[in-house]
Structures are given as structure tokens and as C-alpha cells.
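A.B. asks: Listed in order, the protein sequences are those of chains P and U. If you want our numbering, it's the 1-based position in the first sequence plus 21. If you want our numbering, it's the 1-based position in the second sequence plus 21. Ideal Cβ positions, reconstructed from N, Cα and C, are used throughout, including at glycine. Let me begin by handing over the structure; questions about it come next.
There are 2 protein chains.
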Amino acid sequence: MANSPSGDSMTDRLVRILETFTPTRTVQTAAEIARRAGLPDSTAHRIVGELVATGLLERDDDRRVRVGMRLWELATRSSRALRLRQVALPYMERVQARVREHTQLAIREQDEALFLERLSDPASGANVTRIAGRLPLHASSSGLVLLAHAETDVQERVLSAPLRAMSPHTLVDPATLRRKLAEVRRLGHAAAPGYIESVSTGVAVPIRERTGEVVAALSVVLPRDAPIEQPLAELRRAAVDIEVALDPPPIERVSVPAERR
Amino acid sequence: MANSPSGDSMTDRLVRILETFTPTRTVQTAAEIARRAGLPDSTAHRIVGELVATGLLERDDDRRVRVGMRLWELATRSSRALRLRQVALPYMERVQARVREHTQLAIREQDEALFLERLSDPASGANVTRIAGRLPLHASSSGLVLLAHAETDVQERVLSAPLRAMSPHTLVDPATLRRKLAEVRRLGHAAAPGYIESVSTGVAVPIRERTGEVVAALSVVLPRDAPIEQPLAELRRAAVDIEVALDPPPIERVSVPAERR
Numbered sequence: 022m023a024n025s026p027s028g029d030s031m032t033d034r035l036v037r038i039l040e041t042f043t044p045t046r047t048v049q050t051a052a053e054i055a056r057r058a059g060l061p062d063s064t065a066h067r068i069v070g071e072l073v074a075t076g077l078l079e080r081d082d083d084r085r086v087r088v089g090m091r092l093w094e095l096a097t098r099s100s101r102a103l104r105l106r107q108v109a110l111p112y113m114e115r116v117q118a119r120v121r122e123h124t125q126l127a128i129r130e131q132d133e134a135l136f137l138e139r140l141s142d143p144a145s146g147a148n149v150t151r152i153a154g155r156l157p158l159h160a161s162s163s164g165l166v167l168l169a170h171a172e173t174d175v176q177e178r179v180l181s182a183p184l185r186a187m188s189p190h191t192l193v194d195p196a197t198l199r200r201k202l203a204e205v206r207r208l209g210h211a212a213a214p215g216y217i218e219s220v221s222t223g224v225a226v227p228i229r230e231r232t233g234e235v236v237a238a239l240s241v242v243l244p245r246d247a248p249i250e251q252p253l254a255e256l257r258r259a260a261v262d263i264e265v266a267l268d269p270p271p272i273e274r275v276s277v278p279a280e281r282r
Numbered sequence: 022m023a024n025s026p027s028g029d030s031m032t033d034r035l036v037r038i039l040e041t042f043t044p045t046r047t048v049q050t051a052a053e054i055a056r057r058a059g060l061p062d063s064t065a066h067r068i069v070g071e072l073v074a075t076g077l078l079e080r081d082d083d084r085r086v087r088v089g090m091r092l093w094e095l096a097t098r099s100s101r102a103l104r105l106r107q108v109a110l111p112y113m114e115r116v117q118a119r120v121r122e123h124t125q126l127a128i129r130e131q132d133e134a135l136f137l138e139r140l141s142d143p144a145s146g147a148n149v150t151r152i153a154g155r156l157p158l159h160a161s162s163s164g165l166v167l168l169a170h171a172e173t174d175v176q177e178r179v180l181s182a183p184l185r186a187m188s189p190h191t192l193v194d195p196a197t198l199r200r201k202l203a204e205v206r207r208l209g210h211a212a213a214p215g216y217i218e219s220v221s222t223g224v225a226v227p228i229r230e231r232t233g234e235v236v237a238a239l240s241v242v243l244p245r246d247a248p249i250e251q252p253l254a255e256l257r258r259a260a261v262d263i264e265v266a267l268d269p270p271p272i273e274r275v276s277v278p279a280e281r282r
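What follows is the structure in C-alpha cells.
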């Protein structure tokens, strides 16, 4: 996870407090928040009190706090995350119904892949992805698609930073990664066999705006040695449908809507 | 929508700024935010600048701002909204596949029904519900279920406040509404024929924790005169499955997981 800047505006302190809540740490005391956010106890208590008063945090019967529904509401109702995910969901469900593993939607955020949605079959294999969780751009198939189509300065920044090995198969050599990104652009998809977990293969395709700019990656996570051809075809079909749904051509909207479903 | 308290802590100002973003107003200038939040221009500019610096808001090429992916991530990754919605989604999809109208999940927040998820068929009828949007407790079928099972003080507060008519059929008389709430508890579901829009009927059932406490409402929105029996049976089946999935009995987890699907 990225850290917030070390400034000490109220906004910085707020971010540091919110960052202490994670998928596996959903409830904390104000003292725990203070310690984890690196804030004086009195400061943390005061801000937590304010956040509880406005509903951005919620306090339970044990006076422990969690992220409030009100914050989720305010962060979600106008967000690009919601719109992308709403448009993509029916097509993700189609991929999921046909591939029956994991189907995911990600964007690039602060030089990582941020996952907006994940659908999974109860019988499907290993997958570390979480909704509102992140994976490194250089390791996940979604990240590779997003990185391959990012601005040059983003690519250079990622390639020049330490490339962490998530598994023995993660590409951690900048020259190898550079060739991989060229391959992703050439093939129109990214395959990441074992890059995140040795037992699984991610396959991802870009979602483009009408301008051609890549705004998201759609991916499936398969067992390591599963054939990728049929899942890839499903992903490519879904990508076309999502791109049309994001920005429907006026003439098609009028004349042949049924064919798009 | 509820307003934030009129205090002027930094948190209050933050909430007032976030509240200016809505599903239909996703991008604003700092000056527009200042006006709509009732803040001095300089204050709004400074706070918006801080929020952009931390990624909680994002600025586009025209220097207009929108809610940031970072805020969505921090508000979502540890939230009760995400967990409830994740657990419910497969069963909502089953309802949706069989009823093919609108399927929705709501909780009670600040004396309104807050919607966490909505699935819709492209051919389905009218429905004003939005994800991360709200409807009055006394008018929507989800709200009636949530209100019928709320603490007495919540019921009294709602019943003593003005009851706004969303349509000519909304129950706006406190005594009538009180009888309706008793009916909802007795029948185990709420039907709201035309209460929100004259052309549609909402039907909702409670989702309970193991303690029996109602934590959410699952609903469908049907055309006004559609029969409700089959959709209601689907909702009740899904409610059982969601309740088990939220808090699986240990023995069942071991012995018969397949039957739960």
C-alpha cells in the first residue's frame, strides 16, 4: 500500500487514520489508530471523535471504531469506480458464467493496480485479489496491461523502482519486464503465469475509452496450467461490450441494441 | 439526503465538501464546491487543494475536481458495506436471474434506506434506486422492512417527522404507517405497491444476523401489477442463504457445504 505524504495538514492526518483500516483490520480502538497512524493519542482521539460525530467512522458497543457507511456512501455515490464497475458488471458476469474461475476489474492508482470488482466461483482456485485491494503493476496480469499502456514516465518510474518478487516467477528484471510490456502491447493481452502465485495464471485485456486511452483492465485468474484461449476470447468479447456500453455510438443505440447483449 | 451538522470542525467542512458530490454532479470547480458547501472561497480552495494532494479528490485537465479513487478505496476496503454486499451478491444474482427485474440490498443509515447494491435487467421497469443512493424508510419496501425492525426510538422519530409523499400511494399518515409496520413484522415481508413510483411495486424481506437482529433488506422492484408470490419466494430463499453465508453454522460448514449452493 502506498503511504500518504508525511505532511501534517488535517487532510494528511485523516488519510493516515483511514489507512490504518484494512480488509483484515476493520475494527480498532482510538489508541490503536493513534499508534498505527503515528499520531499523538490526544490528536487521534479528537479526530476520531469528530469522524464518529459526522458518521465517517462508526463506534460499536465496545467503543471500537470502524469505517462508517456514511463515508462509503460519500466516496461511492459520485465515483468513477462505481460507474466503471456498474457498466462492466453484466459483462463480467457473462465471463464469470462461462469461465467459472475469478473475473476482475482493475484501474491504475498510485502506481499499483486497484481492483474495483471481483466475481468468483466457489469452486475456483487460489486468488489473492480483493475488492478495493491492490497488486503491483509489474506482477499482476491486470497491472501489466495497465503499465504497458501507461505514460512513459509512469513506466520509467515503475521500472526504476525495486521490482518485488511475489513468487519465484515474478518478472523482477527491468529489461525482461520491458520486453514483456512490449509483448503485452503487441498481443493485446497480458498473461502472467505464476507471477503472483505459483499455482495460478492471470490473463488480462485492456478496456479503452473511445479515444483509445486504456482506463481499466479486465482479467481472469485461472489454475496455472489451464488453457487460456477460451477465457481470453471471453475477455476480449466482454472488453468490446464494456467499451461500447461506456460510450455507446449514437447510431447503434437507436438501431440494433439487441445485438449488443 | 441528510445534511452534516452545522459545526465547523475540519471534519464537518470535509463532509460538507464531499456532500456536494452526487450521482448526477460528479465533477465541480473549487468555486462551485465553496458555494454549495457554504464555505468561504479561500477555505474551500485550501481544503480542496489538500484533498487533491492526498488523492481523496482528483483534478482533471480543466482543473475541475471529482471524488478520488483513493477515497473510494479507503472507504471501501474495510467497510461493512463491502462485506455485506460480497456475501449477498451470488444470491442476489440468483434472484436476478430468475425474476429479471431489479434486485437490491439496503441497510438503514441516518433514518433512511441506503442501497449497497442493485442488479437490473435491461428490459426491466422503472426504478429510482441507485447504488450508494437513499430512499425514505417509510416509502420504500426495503425501508419499511428496516423501519419495522428498528429500535422503538427510531420508529417514533420517523413516525413523528413529516412523512413525504413520493407518489399518490405513499403512506403518509402515522397511524396507517404504524399498522403497515405491524403487518410487515407479521408477514415477514414488505410490499410497497406504488409507494415510490405509481408504476412499480417493491417487495422486501429482512436479512438477519444470528442474533435475530435485522441488518439489511433484500428487495425486488416489479411492475406495479406483477404477481409478487414467486419473487417473494426467491427473496426468502436468498435471505436464508445470505444469513447462513454471513455466519455459517460450524457443523454445516464441514459436512454439507454443497447443499447450501
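1) Kindly say whether U/Asp33, judged by its beta-carbon, lies nearer than 8 Å to any beta-carbon of chain P.
2) Going by Cα to Cα distance, which pick from P/Thr50, P/Pro44 and P/Arg57 is closest to P/Arg37?
3) I'd like the ranges of any alpha helix (DSSP H) spanning at least 4 consecutive residues and lying wholly in the stretch 34 to 82 of chain P.
4) Going by DSSP, what residues sit across from U/Ala225 in a beta bridge?
5) Contact between the stretch 105 to 121 of chain U and the stretch 89 to 96 of chain U is defined here as three or more beta-carbon pairs at a separation below 8 Å; is this criterion met?
6) When the cut-off is 8 Å and only beta carbons count, does P/Val277 lie next to chain U?
7) Is the CB-CB distance between U/Gly223 and U/Ser163 below 8 Å?
8) Could you give the DSSP three-state label for U/Ser141: helix, strand or coil?
9) Does chain P have any CB closer than 8 Å to the CB of U/Ala96?
10) Assuming contact is defined by CB atoms lying nearer than 8 Å, are P/His159 and P/Pro227 in contact in what I supplied?
11) Using beta carbons (cut-off 8 Å, strictly below), is P/Thr232 in contact with chain U?
12) Give me the Cβ distance between U/Leu135 and P/Met90, rounded to the nearest whole Å; I'm assuming they're in contact under 8 Å.
13) In chain U, what lies closer than 8 Å to P/Gln131 by C-beta?
14) Answer with yes or no whether the minimum CB distance from P/Thr191 to chain U is below 8 Å.
15) To test your reading of the DSSP string, which unbroken alpha helix (DSSP H) runs of 4 or more residues are found completely within the stretch 128 to 182 of chain P?
16) In the DSSP assignment, find the unbroken alpha helix (DSSP H) run with U/Val265 in it and report its ends.
17) Would you please verify whether the beta carbon of P/Arg46 is less than 8 Å from any beta carbon of chain U?
18) For P/Leu110, which three-state DSSP category applies?
19) Using alpha carbons as the reference points, say which of U/Glu250, U/Asp246, U/Ser188 and U/Leu137 lies closest to U/Val236.
20) Determine, for U/Thr43, whether the minimum Cβ-Cβ distance to residues of chain P falls below 8 Å.
21) Is it true that the CB of U/His123 sits closer than 8 Å to the CB of U/Thr150?
22) Around the Cβ of P/Thr232, are there at least 16 other Cβ atoms within 10 angstroms (buried) or fewer (exposed)?
23) P/Ser99 and U/Arg46: beta carbons closer than 8 Å?
24) Does any CB atom of chain P fall closer than 8 Å to the CB of U/Val36?
25) Could you name the residues of the same chain whose beta carbon sits closer than 7 Å to that of U/Asp268, not counting the 5 residues immediately before and after it, in chain order?
26) In the DSSP assignment, find the unbroken beta strand (DSSP E) run with U/Arg87 in it and report its ends.
27) Would you identify the three-state DSSP class for U/Thr124, choosing helix, strand or coil?
28) Count the other CB atoms, across all protein chains shown, that sit within 10 Å of the CB of P/Leu110; report buried if there are 16 or more and exposed otherwise.
29) Given a threshold of 16 other Cβ atoms within 10 Å of its Cβ, counted over all protein chains shown, does U/Arg185 qualify as buried or as exposed?
30) Please list, in chain order, the residues of the stretch 143 to 173 of chain U that have any C-beta partner in chain P closer than 9 Å.
31) Are the beta-carbon atoms belonging to U/Ala74 and U/Ala65 less than 8 Å from one another?
32) For P/Val235, which beta-bridge partners are listed by DSSP?
33) Can you find a C-beta in chain U that's less than 8 Å from the C-beta of P/Gln176?
34) Could you give the distance in angstroms between the alpha-carbon of U/Leu243 and the alpha-carbon of P/Ile68?
C.D. replies: This is what the structure holds:
1) Counted from its first residue, the second sequence places residue 33 of chain U at position 12. Taking Cβ atoms only, chain P reaches closer than 8 Å to U/Asp33, which makes this a yes.
2) Taking the first residue of the first sequence as position 1, residue 37 of chain P is located at position 16. When each option's Cα is compared against that of P/Arg37, the closest is P/Arg57.
3) 51 to 58 and 62 to 75
4) Indexing the second sequence from 1 puts residue 225 of chain U at position 204. Per DSSP, U/Ala211 and U/Ser240.
5) no
6) Here residue 277 of chain P refers to the residue found at position 256 when the first sequence is read from its first residue. Residue placement at P/Val277 cannot be trusted, given a pLDDT of 48 that sits under 50; what the coordinates show is reported in the next sentence. Chain U contact via Cβ: absent.
7) Sequence index remark: in the second sequence, residue 223 of chain U carries index 202 (1-based). Sequence index remark: in the second sequence, residue 163 of chain U carries index 142 (1-based). Going by C-beta atoms, U/Gly223 is nearer than 8 Å to U/Ser163.
8) The count along the second sequence starts at 1 and reaches residue 141 of chain U at position 120. Residue state, collapsed to three classes: strand.
9) Counting from one through the second sequence, the residue named residue 96 of chain U turns up at place 75. Yes, because at least one Cβ of chain P sits closer than 8 Å to the Cβ of U/Ala96.
10) By one-based count along the first sequence, residue 159 of chain P stands at place 138. By one-based count along the first sequence, residue 227 of chain P stands at place 206. Not in contact: P/His159 and P/Pro227 (Cβ atoms no closer than 8 Å).
11) If you number the first sequence from 1, residue 232 of chain P lands on position 211. No, no contact with chain U.
12) Residue mapping note: residue 135 of chain U aligns to position 114 of the second sequence, counting from 1. Residue mapping note: residue 90 of chain P aligns to position 69 of the first sequence, counting from 1. 6 Å between Cβ atoms; contact.
13) Position 110 of the first sequence holds residue 131 of chain P. Those within 8 Å of P/Gln131 in chain U are Gly76 and Arg91.
14) As a position in the first sequence, residue 191 of chain P is number 170, starting the count at 1. Not closer than 8 Å to any Cβ of chain U, the Cβ of P/Thr191 fails to qualify, so no.
15) 162 to 169 and 173 to 181
16) For this step, residue 265 of chain U is matched to residue 244 along the second sequence. That run of the alpha helix (DSSP H) goes Glu250 to Leu267.
17) Your numbering for residue 46 of chain P matches position 25 in the first sequence. Chain U contact via Cβ: present.
18) Numbered from its first residue, the first sequence carries residue 110 of chain P at position 89. In the structure shown, P/Leu110 falls within a helical segment according to DSSP collapsed to helix, strand and coil.
19) As a working mapping, residue 236 of chain U is identified with position 215 in the second sequence. The shortest C-alpha separation from U/Val236 is found at U/Leu137.
20) Here the question's residue 43 of chain U lines up with position 22 in the second sequence. For U/Thr43, the answer is yes, since a Cβ of chain P falls inside 8 Å of its Cβ.
21) Working through the second sequence from its first residue, we reach residue 150 of chain U at position 129. Working through the second sequence from its first residue, we reach residue 123 of chain U at position 102. Contact: yes.
22) Taking the first sequence and counting its residues from 1, the one referred to as residue 232 of chain P is at position 211. Exposed: under 16 other Cβ atoms inside 10 Å.
23) Position 78 of the first sequence holds residue 99 of chain P. Position 25 of the second sequence holds residue 46 of chain U. Remark: C-beta atoms of P/Ser99 and U/Arg46 approach each other more closely than 8 Å.
24) Here residue 36 of chain U is taken as the residue at index 15 of the second sequence, counted from 1. Interface residue, yes.
25) Translated into positions along the second sequence, residue 268 of chain U becomes position 247. The beta carbon of U/Asp268 is closer than 7 Å to those of Glu230 and Arg231 in its chain, skipping five residues each way along the sequence.
26) Within the second sequence, numbered from 1, the residue matching residue 87 of chain U stands at position 66. In this chain, the beta strand (DSSP E) harbouring U/Arg87 covers Val86 to Val88.
27) Along the second sequence, one-based indexing puts residue 124 of chain U at 103. DSSP places U/Thr124 in the strand class (E or B) of the three-state scheme.
28) Your numbering for residue 110 of chain P matches position 89 in the first sequence. Result: buried.
29) The count along the second sequence starts at 1 and reaches residue 185 of chain U at position 164. With fewer than 16 other Cβ atoms within 10 Å, it is exposed.
30) Pro143, Arg151, Ile152, Ala153, Gly154 and Arg155
31) The residue labelled residue 74 of chain U in the question sits at position 53 within the second sequence. The residue labelled residue 65 of chain U in the question sits at position 44 within the second sequence. No, Cβ-Cβ distance for U/Ala74 and U/Ala65 is not below 8 Å.
32) Along the first sequence, read from residue 1 onward, the residue named residue 235 of chain P stands at position 214. For P/Val235, which the question treats as bridged, DSSP gives the partners P/Arg229.
33) Mapped onto the first sequence, residue 176 of chain P falls at position 155. Chain U has no Cβ within less than 8 Å of the Cβ of P/Gln176.
34) Stepping through the second sequence from its first residue, residue 243 of chain U is reached at position 222. Stepping through the first sequence from its first residue, residue 68 of chain P is reached at position 47. Whole-angstrom Cα-Cα distance: 44 Å.
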